[in-house]
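Using the numbering used here, the first residue of the sequence shown is number 132, and each one after it goes up by one.
Single-structure report; data block below.
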Amino acid sequence: MIRFLINIAISLVTAAIGLLVTSWILPDFHLDAAGFIVAVLVFTIAQAILAPFIFNMARQYASAILGGIGLVSTFVALLIASLFPDGIRVDGIVTWILATLIMWIITALGTWLLGLWWLKGRVEERRASS
């Protein structure tokens with residue numbers, strides 16, 4: 132249960148960082164302060180639900196694209212988050228592509244790095260207690 136909660140916290144943090152960085156880098160990616168929390172929550176929930184679903188669909192019907200599952204689920208999660216008012220707005224196809232890439236990189240690296248950091252802390256705790 133603790134691991135599940137840690138994974139949720141890591142996903143929320145990386146989504147928040149990803150949305151902020153993307154809005155700072157891309158002028159046509161608009162993130163409203165009032166809808167920031169909603170955008171983070173919707174993106175995180177959509178990503179958590181879509182990634183396994185898209186993976187299973189691709190594994191069944193298009194195994195050649197399995198490597199791009201993270202990109203596809205990130206794009207769809209951004210698309211769903213953009214449907215909620217006062218959250219995010221993306222103007223232009225190039226911005227959609229770049230936003231997807233930036234969000235995918237930040238969430239993937241962030242999840243990996245924060246996971247390592249948390250795991251390192253757990254190992255140090257166990258060593259200290261033995």
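Ideal placement from N, C-alpha and C gives every residue a C-beta, glycine not left out.
Treat the numbers as computed from the prediction; the structure is a model and nothing was measured.
Is the beta carbon of residue i sitting closer than 8 Å to the one on residue j?
i	j	result
T231	L247	no
T153	T242	no
F174	L151	no
A239	G201	yes
Among all the DSSP beta bridges, which residues are the ones paired with residue i?
i	result
L162	I219
Nearest CA to the CA of residue i: which residue from the options?
i	options	result
I148	W235, S260, R258	W235
V169	G223, I233, S213, R258	S213
L244	I211, G199, S142, V225	S142
F160	I219, E256, S260, Q178	I219
W78	I139, V207, I180	The requested residue 78 does not occur in the structure, where the chain is confined to residues 132 to 261.
V203	F167, A165, Q178, E256	Q178
R140	V171, P158, G166, W155	The question names Arg, but residue 140 in the sequence shown is Ala. Minimum Cα distance to A140 is reached at V171.
G166	F215, I176, S260, E256	F215
L229	R257, F135, R258, P158	P158
T205	I133, I237, I137	I237
Under the assumption that residue i contacts residue j (Cβ atoms under 8 Å), give the Cβ distance between them as a whole number of angstroms.
i	j	result
D163	D222	Wrong, their Cβ atoms sit about 14 Å apart, outside the cutoff.
I156	I233	6 Å
**Item:** Runs of beta strand (DSSP E) lying entirely within the segment 141-185, each at least 3 residues, in chain order
**Value:** List check, beta strand (DSSP E) in window: 160-162.
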